[in-house]
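Student: Here the sequence shown is numbered in the working numbering, starting from 2 and rising by one per residue.
No residue lacks a Cβ here, since even glycine has one placed at the ideal position from N, Cα and C.
Quick one: the structure is below, questions incoming.
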Amino acid sequence: MPTTTRQWLLNGHPRGRGIEIDSDFKLVTAELPDPGPGEMLLKTHYLSFDPAQKGWMENIADYVAPMNIGDVMRGSGIAEVVASNGGRFAVGDLVFGTTGWTEYLVTDGKELTKVETELSPTAVLSVLGTTGLTAYCGLFKVGKPVAGDTVLVSGAAGATGSIVGQLAKIAGCRVVGIAGGKDKCDWLVREAGYDAAIDYKADNVKGQIKEHCPRGVDVIYDNVGGKILNDMLACIATGARVVICGGISRYETGSLPAGPENYFNLVFRRGTMAGFIVLDWASEFPGIRKRLEGFVKDGSLKYQEDIQHGFENAPQTLQRLFTGQNRGKQMLKL
2 MPTTTRQWLL
12 NGHPRGRGIE
22 IDSDFKLVTA
32 ELPDPGPGEM
42 LLKTHYLSFD
52 PAQKGWMENI
62 ADYVAPMNIG
72 DVMRGSGIAE
82 VVASNGGRFA
92 VGDLVFGTTG
102 WTEYLVTDGK
112 ELTKVETELS
122 PTAVLSVLGT
132 TGLTAYCGLF
142 KVGKPVAGDT
152 VLVSGAAGAT
162 GSIVGQLAKI
172 AGCRVVGIAG
182 GKDKCDWLVR
192 EAGYDAAIDY
202 KADNVKGQIK
212 EHCPRGVDVI
222 YDNVGGKILN
232 DMLACIATGA
242 RVVICGGISR
252 YETGSLPAGP
262 ENYFNLVFRR
272 GTMAGFIVLD
282 WASEFPGIRK
292 RLEGFVKDGS
302 LKYQEDIQHG
312 FENAPQTLQR
322 LFTGQNRGKQ
332 MLKL
């Protein structure tokens with residue numbers, strides 16, 4: 002049994018700037034305690050990465066506890082039970098949930114869930130994890146699409162956005178995505194089944210939205226904020242629902258984006274705009290996971306996983322989310 006573990010600690014609050022991988026994190030070796038009664042020793046196999054982690058580092062997000070300098074970097078993962086002192090799970094079980102950036106951890110496992118899926122185990126961090134759950138709950142609980150609606154998704158080639166579009170297609174909607182670069186736009190149409198894709202790097206986003214959504218947009222699912230949200234709000238249909246999921250445009254600056262200039266279109270079009278935190282539907286997660294797994298198994302839902310390697314590369318792997326390098330759900334195999 003190991004007596005020490007490597008851990009990445011938070012070493013800086015990147016407010017108003019991008020993440021600096023050499024100074025915002027610190028790699029240390031820590032002592033591992035023996036599991037107490039009801040505790041288990043876990044070995045982390047995979048870590049999961051999401052843009053929200055930068056907000057946690059900044060202490061902007063108040064729906065989670067603040068992070069202090071010296072804390073183990075917060076994050077989710079898949080781990081294996083290697084020893085148990087009467088714990089919830091058996092030795093050899095794979096579990097997922099909040100692990101932190103650590104190679105080993107001792108825990109009572111109350112916040113962890115056993116991996117039970119016919120898909121690859123990593124699916125519990127991607128299509129069946131927070132990514133898929135966020136896509137599903139944001140679209141159906143907040144966006145409330147009906148067959149025939151036009152759904153517009155920003156950050157559409159990302160892990161969440163790509164699932165949103167496919168779920169909207171399953172619901173009988175016309176789906177248009179906004180992404181950066183021809184390759185990502187081609188993938189959206191060819192693989193993810195989007196009806197059309199808009200390359201925001203090609204300028205005139207508003208004109209492209211009007212071209213592809215001539216009757217206006219019924220449901221906006223926004224992962225970006227900023228100017229792109231402005232352009233989308235300019236094109237809403239009567240009774241539109243605007244779902245605010247993320248704000249990739251603000252993650253490098255660290256400040257919250259300016260309010261949308263076109264918000265008064267919500268009045269003219271009798272629309273609504275709402276944010277959400279996926280944890281509000283935690284009691285429904287098991288059923289939603291089964292539904293998502295069914296869509297994957299019948300071929301109607303595809304997902305991408307971008308798996309990097311090596312625990313020492315955790316900070317660089319998080320940084321990939323903010324440079325557009327990742328394709329699909331970003332993970333790291335230890």
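1. Apart from the five residues just before and just after D196, which ones in its own chain have a Cβ nearer than 7 Å to its Cβ?
2. Just the C-alpha distance for G76 and V268, rounded to the nearest angstrom, thanks.
3. Provide the residue(s) that pair with K211 in DSSP beta bridges, ordered along the chain.
4. Does the contact criterion of 3 or more C-beta pairs under 8 Å hold for the region 219-239 versus the region 154-166?
5. Does the region 283-298 touch the region 133-153, meaning 3 or more C-beta pairs lie closer than 8 Å?
6. According to DSSP, simplified to helix, strand and coil, what is R191?
7. Could you give the first and the last residue of the continuous alpha helix (DSSP H) run that contains T4?
8. Answer yes or no: do L10 and M74 have a C-beta to C-beta separation smaller than 8 Å?
9. Under 8 Å, with one C-beta from each stretch per pair, do the region 300-314 and the region 13-20 reach the 3-pair mark?
10. Pick out whichever of D35, V65 and E40 has its Cα sitting closest to the Cα of D281.
11. Do P316 and F26 have their beta-carbon atoms positioned less than 8 Å apart in this structure?
12. Using beta-carbon positions only, say whether G217 and C236 come within less than 8 Å of one another.
13. Please name the residue, chosen from G272, M68 and L322, that lies closest to K145 on a Cα-to-Cα basis.
14. Reducing DSSP to helix, strand and coil, say where Q331 ends up.
15. Helix, strand or coil: which one does DSSP assign to V65?
16. What's the gap between the Cα of T161 and the Cα of Y105?
17. I'd like the list of long-range same chain contacts for K334, defined as Cβ closer than 6 Å, with 5 residues on each side in sequence excluded.
18. Here's the rule I'm using: 16 or more other beta-carbon atoms within 10 Å means buried, otherwise exposed. How should I229 be labelled?
19. Sort I79, L129 and P52 by Cα distance to Q320 and report the nearest one.
20. Figure out for me which residue from Q326, V116, T100 and T108 has the closest Cα to the Cα of T45.
21. Between the alpha carbons of T318 and M332, how many angstroms are there, rounded?
22. By the DSSP assignment, the beta strand (DSSP E) with T45 in it spans what residues?
23. With a threshold of 6 Å on Cβ separation, who are the neighbours of G173 within its own chain once the five nearest residues in sequence on each side are excluded?
24. So, are the CB atoms of V83 and L42 less than 8 Å apart?
25. For E306, write down the residues that DSSP places opposite it in a beta bridge.
26. Let me confirm a value: F312 is counted as buried when at least 16 other C-beta atoms fall within 10 Å, else exposed. Which label applies?
27. State the beta-bridge partners of K115 as determined by DSSP.
28. For K27, list the residues DSSP reports as bridge partners.
29. Just checking my contact of F277 with V143 at CB under 8 Å: how many whole Å lie between their CB atoms?
30. How about S163 and G329: are their beta carbons less than 8 Å apart?
31. Let me check understanding here. Comparing Cα to Cα, which of P215, I245, M58 and E262 lies closest to T239?
Tutor: On the basis of the coordinates in this document:
1. R175, V176 and V177
2. 39 Å
3. In the DSSP output, where bridge partners are listed per residue, K211 has none listed.
4. yes
5. yes
6. helix
7. Where T4 is concerned, there is no enclosing alpha helix (DSSP H), given that its DSSP letter is neither H nor E.
8. yes
9. no
10. V65
11. yes
12. yes
13. G272
14. strand
15. coil
16. 28 Å
17. Y47, I308 and H310
18. buried
19. P52
20. T100
21. 8 Å
22. E40 to F50
23. A148
24. yes
25. K330
26. buried
27. V96
28. L10
29. 5 Å
30. yes
31. P215
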